[in-house]
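**Student:** Numbering (full-length UniProt numbering), first residue to last: 1 to 408.
Beta carbons: idealized from backbone N, C-alpha and C, even for Gly.
Here the structure is a predicted model, which means the values were calculated and not measured.
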Amino acid sequence: MSERPAQRTVDVAVIGGGVIGLGIAWALAHSGRTVVVIDPDPAGGATFAAAGMLAAVSELHYREEALLDLMLASSKLYPDFIDSLGTDSDATGYQRTTTLNVGADAADRHALADLRAVQVANGLGVEPLTVREARVLEPMLSPQVSAAFLVEQDHQVDPRRLTARIQSALAALAPNGQDALVRVHASGLMHADAADTSSRVTGVTLADGRTIHATEVVVANGLGAADLGGLPEHLQLPLRPVYGDILRLRVPEHLRPLLTSTVRGLVHGVPVYLVPRTDGTLVIGATQRDDGSGAVSAGGVYQLLRDAQVLVPAVSELELIETTARARPGTPDNAPFLGRVGCSSGDIAGLIIATGFFRHGVLLTPVAAQYCLQLIEGIADDRWQNFRPDRFSASREPASASLKGGLS
């Protein structure tokens, strides 16, 4: 058996094989570049747990206009992104199903009505329904819900199927004898001047001693990005782990289809969602906690099942087949770190950061991929400058007022 080469050269090295990293890698490979993804467990982190809601409208929160534009842009890109993978929608779980936003009690009804006012003010389509109308669409919905709103443009994808398909597509484009995925930790960035972390990035060192030389390096390894060696010394990436529990259940044959739309609800002020899959399973999520524990929380499982049953009582008859907990990479303003890193002489060549996507990683994959390709080609969309990864760094101006404080 031949030894692995000590070094390798590609056009782009992507550190991180979650949905963001894989999506970026696919866009770059599809453009004709040689690409390698570096990750010991591709799609095994937050992507593995994600429900895959493409909910640009339903995910709007107060004072999130800048992030809303990014989400809407990515939602529009999704059909072409899926088509670029050269497969039918079932292979990725992409479905243009609708979303129902429902409330359990009077306070939930008022909260959803207030949110709809913000959504409508931003030009979004959210249609109020009577409970009877909602139950015509979804007969398994509880007759006790207090309110329902229909969102036509919020859809879904299955992140596990999507990332599996991207990995297959990357493998098909890889040069003969080369692996598209390097299943090793990245230990650090290489620079043109080893003594200057603001000099051009020229590649990646791996934990096993190998090196990968690249014209561009994209750092997209979620929470691990801040600990990567060789980052610019002035760069601050204040990432925090936000843990969440998520459940998967199997729907018995006599109850199928349990739901045809995604149901997003408020139950006494606490959010819960139910996402039906075409394979007869249902995803219920997700708690949000900052307790530092990556273990599944018994209280979280109880809360999710309890609240889901308030909205859809038949949930009690389903088979619980999986409980999962993962950490999502949050930022101080809950907006992603996306773009190049500036220094006193301009942007650092060869380096792009794409992390901190928090709740929106699956939704924002196409726009992150498109933007990274634009940055490399020198035609980047100026609308996304607010999401620069150096916005909290000393050498940059303070974060834009449109991104301060209001994102959640």
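Can you give the Cα-Cα distance for L115 and T278, rounded to whole angstroms?
**Tutor:** 30 Å
**Student:** If distances are taken between C-alpha atoms only, which option among T34, I38 and A25 comes closest to A225?
**Tutor:** I38
**Student:** Could you check what DSSP says for I321 in three-state terms: helix, strand or coil?
**Tutor:** strand
**Student:** Whole beta strand (DSSP E) runs in the stretch 34-64 with 3 or more residues, listed along the chain?
**Tutor:** 35-38
**Student:** Buried or exposed: which applies to Y371, given that a residue is buried once 16 or more other Cβ atoms fall within 10 Å of its Cβ?
**Tutor:** Under this definition Y371 is a buried residue.
**Student:** How about V312 and M140: do their beta carbons lie closer than 8 Å?
**Tutor:** yes
**Student:** Would you mind working out which of L150, Q303, R328 and S168 sits nearest H30, comparing C-alpha positions?
**Tutor:** S168
**Student:** Grab me the residues of A369's own chain with a C-beta within less than 6 Å of its C-beta, minus the 5 sequence neighbours each way, in chain order.
**Tutor:** G23, I24 and A27
**Student:** Measure the Cβ-Cβ separation of A113 and G265 and say whether it is below 8 Å.
**Tutor:** no
**Student:** Could you check which residue in H360, L137 and S393 has the C-alpha nearest to that of L73?
**Tutor:** A small fix is needed here, since residue 73 is Ala in this sequence, not Leu. Among H360, L137 and S393, the Cα nearest to that of A73 belongs to H360.
**Student:** I'd like the span of the beta strand (DSSP E) that includes Q7, first residue to last.
**Tutor:** That run of the beta strand (DSSP E) goes Q7 to I15.
**Student:** Between S146 and D108, which are expected to be in contact by the criterion C-beta below 8 Å, what is the C-beta distance as a whole number of angstroms?
**Tutor:** 6 Å
**Student:** Out of L150, A121, G125 and Q119, point me to the one whose CA is closest to E133's CA.
**Tutor:** The option with the nearest alpha carbon to E133 is L150.
**Student:** So, for R340: in the same chain, excluding its five sequence neighbours on each side, which residues have a beta-carbon less than 7 Å away from its beta-carbon?
**Tutor:** D347, I348, L351, I352 and L375
**Student:** With DSSP as the reference, please indicate the residues paired to D245 in a beta bridge.
**Tutor:** A325
**Student:** Relative to the alpha-carbon of L320, which residue among R326, T331, V263 and L305 has its alpha-carbon at the smallest distance?
**Tutor:** L305
**Student:** Taking the beta strand (DSSP E) that A354 belongs to, which residues open and close that run?
**Tutor:** Its beta strand (DSSP E) spans residues L351 to T355.
**Student:** Helix, strand or coil for R210 per DSSP?
**Tutor:** coil
**Student:** Hey, how far is the Cα of D41 from the Cα of A121?
**Tutor:** 42 Å
**Student:** Is T99 near P238, with beta carbons less than 8 Å apart?
**Tutor:** no
**Student:** In or out: P252 buried (at least 16 other Cβ within 10 Å) or exposed?
**Tutor:** exposed
**Student:** Among the candidates W384, F358, A380 and L258, whose CA atom is the shortest distance from the CA of G45?
**Tutor:** Nearest option by C-alpha distance: F358.
**Student:** Near P257, what residues of its chain come up, given a Cβ to Cβ distance below 7 Å and the 5 sequence neighbours on each side ignored?
**Tutor:** P276
**Student:** Tell me which same chain residues have a C-beta within less than 6 Å of the C-beta of I166, skipping the five on either side of it?
**Tutor:** L22 and W26, listed in sequence order.
**Student:** For the stretch 67-107, which segments carrying the beta strand (DSSP E) assignment without a break, of at least 3 residues, lie completely within its bounds, in sequence order?
**Tutor:** 99-103
**Student:** Ignore the nearest five residues each way along the sequence and tell me which others in V270's own chain have a CB closer than 8 Å to its CB.
**Tutor:** Cβ neighbours of V270 within its own chain (closer than 8 Å, five residues either side excluded): Q303 and D307.
**Student:** So for Q370, helix, strand or coil by DSSP?
**Tutor:** helix
**Student:** Note down the Cα distance separating P128 from S198, rounded to an integer number of angstroms.
**Tutor:** The straight-line gap from Cα to Cα measures roughly 53 Å.
**Student:** Compare the C-alpha of A56 against each of A49, A192, K76 and A50 and name the closest.
**Tutor:** Just measuring C-alpha positions, the residue of A49, A192, K76 and A50 sitting nearest A56 is K76.
**Student:** By the DSSP assignment, the alpha helix (DSSP H) with T163 in it spans what residues?
**Tutor:** P159 to L173
**Student:** By the DSSP assignment, the beta strand (DSSP E) with E133 in it spans what residues?
**Tutor:** Premise fails: E133 lies in the alpha helix (DSSP H), V131 to L137, not in any beta strand (DSSP E).
**Student:** Between T9 and H213, which are expected to be in contact by the criterion C-beta below 8 Å, what is the C-beta distance as a whole number of angstroms?
**Tutor:** 4 Å
**Student:** Assign G285 to buried or exposed, taking buried as 16 or more other Cβ atoms, counted over all protein chains shown, within 10 Å of its Cβ.
**Tutor:** Flag for G285 reads buried.
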